[in-house]
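Colleague: Can you read through this structure? Questions will come right after.
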Amino acid sequence: MPFVNIQITREGTRPEYTRVTREQKARLIEGVSKLLLDILNKPMNSTFVVIDEVDVENWGWGGLPVEEYRKQMAASAHLSGTELVSNAKK
Numbered sequence: 001m002p003f004v005n006i007q008i009t010r011e012g013t014r015p016e017y018t019r020v021t022r023e024q025k026a027r028l029i030e031g032v033s034k035l036l037l038d039i040l041n042k043p044m045n046s047t048f049v050v051i052d053e054v055d056v057e058n059w060g061w062g063g064l065p066v067e068e069y070r071k072q073m074a075a076s077a078h079l080s081g082t083e084l085v086s087n088a089k090k
């Protein structure tokens, strides 16, 4: 009897969404259950899936709160892009 726990941050996948939608969760549950059926031959009716939504403020990455980590990554990507453009002009 498989038990799958999916942990995601409580935020939308598009600007107009503030969280993962009911439909997206249903697709995750179905997709994971089908994957276990296809790969491990586990019956879908014996698979349990739990989706835990964690507030972004309770999620860390790289030693930082996730929002701060994302800001640093975005700034780093922006600087890298600027350096690439200036190097290309030389």
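In UniProt numbering, the protein residues as written are 1 to 90.
For glycine and all other residues, C-beta sits at the position ideal for the given N, C-alpha and C.
Keep in mind it's a predicted model, so treat the numbers as computed, not measured.
With burial defined as no fewer than 16 other Cβ atoms inside 10 Å of the residue's Cβ, what is the status of Val20: buried or exposed?
Modeller: When all chains shown are included, Val20 counts as buried.
Colleague: Assign Asn87 to buried or exposed, taking buried as 16 or more other Cβ atoms, counted over all protein chains shown, within 10 Å of its Cβ.
Modeller: With a pLDDT of only 48 at Asn87, under the threshold of 50, the placement of this residue in the model should not be trusted, and no figure is reported.
Colleague: In the DSSP assignment, find the beta strand (DSSP E) that holds Val50 and state where it starts and stops.
Modeller: Start and end: 48-54.
Colleague: Can you list, in chain order, the residues of its chain with a C-beta nearer than 8 Å to that of Gly60? Leave out the 5 residues immediately preceding and following it.
Modeller: So the list reads Val66, Tyr69, once near-sequence residues are dropped.
Colleague: Just verifying my parser: in three-state terms, what is the DSSP assignment at Val4?
Modeller: Strand, per DSSP.
Colleague: Can you list, in chain order, the residues of its chain whose CB lies under 6 Å from that of residue 92, leaving out five sequence neighbours each side?
Modeller: Nothing can be reported for residue 92: it is not among the residues displayed for the chain, which extend from 1 to 90.
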